[in-house]
Amino acid sequence: MDRRTVVAFVGDNARASDRVTRAVDAAWKGPDGPTVRTFAPADLGEERDDEGPLNDTCGVVVTAAAAADDAVTERLAALPSNVPVIALVEDATTETIRALLAAGVDDVVTVDDWALSPDESDAVRSLAERLAGLLEPDRVQLGTDDVARLSEVLLDAGTTLMSTRTDEVGTKIEWTMENVGEHAELDRIICYREEDGQFVPAYSWCPDGFDPAPRRFDDFPDPDQLSTFGNVARGAAPPRGEDVSTADTDEAGPPATVHVPLVVDWELSGIVAFESDDYRTWTDDEVDLYRTLGDLVAHTIARNDRRAALRRQAEQLEQFSAVVSHDLRNPLNVLSGYLSLSEGELTPSRYDAMSGAVDRMETLIDDLLMLARRGEAIGETESVPIEAVAKDAWASVRSPEATLTIADEVGQVEADPGRLRQALENLFRNAIDHAGRDVAIEIGPLTTEDGRRGMYVADDGPGIPVELADTVFDSGVSSADSSGIGLAIVDRIVEAHEWDIEARNDDGAVFELTFGASATQVASA
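Mapped onto the UniProt record's numbering, the consecutive letters of the sequence shown carry residue numbers 1 to 525.
In structure tokens, the structure reads:
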């Protein structure tokens, strides 16, 4: 951690360098004051990989002659905004001062005669006053190496947080906060989440112990900036009523803080506060890294919230499946029993119609249960002959005028026989519902360009409406008077087997089912 205890002098004038040293000693008496490092203009013209030798100083004093050097001007222009520059001028003409100010110099001190002894009080007093007024040598600030190390910590944190399980979210976020806080020498990090207009502490790190309280949004610094997803950085002020050079270090001043918003789906969902009790300032690179941590935390929390919502939906679906199983099957069983008792009293046509309706209701209940129980889409798999399963499925479809053709040898596939039959039944019923009771359906083998094998189910109906092309497998989507869950069931079964299915039009609707790589050899047998 850099404590900015160096004042840089840039120039070739030895007497000027001595005078700067005397002025620094006069402004900050004692051994804890900043030291002076001298740079010749030629030193600043050397090629360097870092940001420059002046960036880790708390201030720069430069002679007017040195400031005219292009290399020096370039280095001064690259300084952070919180590093002030004071120019020493012998010939204090209006043009000279104007040129220096245009070059980014913060203040100008005139020097009447370099020949004066550097320890003359009048000769150093003016410079000492300017130095004390502009420089903040006690302020803590991350240096270039510190920022680089902090960046590495966040890179590791990103990998950790992206792979966090639901039961690890709190632990991993606070572990990341601890790593960042220790590397950046912070005192506290608090993550607030918005709940009913309050910002409640959800995660926090503080090595000395800390019990953060909920806050109103207006209690944060610059809430308008936060509301537009901007970062808010506040450097710590010295203890109230004290001068920097004479402040009692035991008296705590207001903390230095950085607040970054947590943004999820373009809404402010929380705020992360980074706090330091040191007399401290923040660099732009440091604040950007804290924002990166905020974005990582926001993404992790949002992902965990989505998981929690999915769990709640799964529980609701389980409850729904219980209702379907109990409250629908029981009266349906009663109806089926009375229908069997009445078989002799009904004409065959009426009995068959009523029996078919009961069977259809049982099929719908099975379909709804499958949609509700995502984790139970298939059971044990085995090698099954596709043609035999297709004929068995066709036998359960009541449409005497429709026809099924097996165009060629379709082989075998590793599958749950019952679920494969259900998928084919739903494809057949879908064709009848949309193409009519006299529809002609064809099954045949197919091979993809990458060598994967599968099968197709085609009909000679009107095809898939253009407006439904992208949603044909969504639950509830149908262009006929049906439940719209048949193809959703097909998609669920295909997904559970790790196969693929696509729908297209070719003189009717065509459904192409491609088996997984592990099923290719069996399917071609």
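Virtual Cβ for every residue (Gly too), placed ideally from N, Cα, C.
- Contact annotation: Val457 and Ala402 have beta-carbon atoms that are not nearer than 9 Å.
- Here Met162 is exposed. Its C-beta has fewer than 16 other C-beta atoms within 10 Å.
- For Tyr290, the secondary structure class from DSSP, reduced to helix, strand or coil, is helix.
- Note that the C-beta distance between Leu100 and Ala64 is below 9 Å.
- DSSP assignment within the stretch 7-82 yields the following whole beta strand (DSSP E) runs of 3 residues or more, N-terminal first: 35-39 and 59-63.
- Burial is judged here by how many other beta carbons sit within 10 angstroms of a residue's own beta carbon; Leu155 has fewer than 16 and is exposed.
- Setting aside the 5 residues that flank it on each side, Asn430 is surrounded in the same chain by Gly486 and Leu487, each with a C-beta closer than 7 Å to its C-beta; the list follows chain order.
- Apart from sequence neighbours up to five positions away, the residues of its chain that approach Ala157 with a beta-carbon distance below 6 Å are Thr176, ordered along the chain.
- For a cut-off of 8 Å, the C-beta gap from Val490 to Asn426 is around 5 Å, short enough to register as a contact.
- Per the coordinates, the alpha-carbon of Val20 lies some 24 Å from the alpha-carbon of Glu95.
- DSSP places Phe199 within a strand segment (E or B) once states are collapsed to three.
- Spanning the alpha carbons of Thr228 and Val466 requires a straight line of approximately 42 Å.
- Exclusion of the five residues before and after Ala202 leaves Cys191 and Arg193 as the residues of its chain whose Cβ lies within less than 6 Å of its Cβ.
- Between the beta-carbon of Val61 and that of Ile86 there is about 5 Å, and that keeps the pair under the 8 Å contact cut.
- Straight across, the Cα-Cα distance linking Pro34 with Trp28 is about 7 Å.
- Secondary structure note for Thr283: it is in no beta strand (DSSP E), with a DSSP letter that is neither H nor E.
- By the beta-carbon neighbour count (other beta carbons within 10 angstroms, threshold 16), Ser342 is exposed.
- Contact between Ala503 and Ile441 does not hold, since the beta-carbon distance rounds to 14 Å and is not under 8 Å.
- Of the residues Gly461, Asp459, Asp460 and Arg492, the one whose Cα lies closest to the Cα of Asp474 is Arg492.
- Take the alpha-carbon of Leu268 and the one of Gly454: they are about 48 Å apart.
- With 16 or more other Cβ atoms inside 10 Å of its own Cβ, Leu289 counts as buried.
- In the structure shown, Thr159 adopts helical secondary structure according to DSSP, grouped into three states.
- Note on Ser340: under 16 other CB atoms within 10 angstroms of its CB, so exposed under the neighbour-count rule.
- For Val109, the CB contacts under 8 Å within the same chain, skipping 5 residues up- and downstream, are Ile86, Ala87, Leu88, Val89, Ser126, Leu127 and Arg130 in chain order.
- If the five residues before and after Arg419 are omitted, its C-beta is found closer than 6 Å to the C-beta atoms of Ile378 and Ile493, all from its own chain and listed in chain order.
- By the Cβ criterion, the stretch 195-209 is not in contact with the stretch 255-264, since fewer than three pairs of Cβ atoms, one from each stretch, lie closer than 8 Å.
- Taken through DSSP and simplified to helix, strand or coil, Phe274 comes out as strand.
- For Pro331, the enclosing alpha helix (DSSP H) has its first and last residue at Arg329 to Leu341.
- Contact annotation, Arg437 with Ser399: C-beta distance approximately 5 Å; criterion of less than 8 Å satisfied.
- In this structure, the CA atom of Ala423 is about 14 Å from the CA atom of Glu414.
- Put simply, the backbone Cα of Arg149 is about 15 Å away from that of Asp284.
- In the structure shown, Asn179 falls within a helical segment according to DSSP collapsed to helix, strand and coil.
- In the DSSP assignment, Ala393 falls outside any beta strand (DSSP E) and lies within the alpha helix (DSSP H) extending over Ile386 to Ala395.
- Pro462 sits close to Gly508, with the two beta carbons spaced by under 9 Å.
- Here Ser227 carries a helix assignment [DSSP, helix/strand/coil].
- Between Ala393 and Arg360, the C-beta spacing is not below 9 Å.
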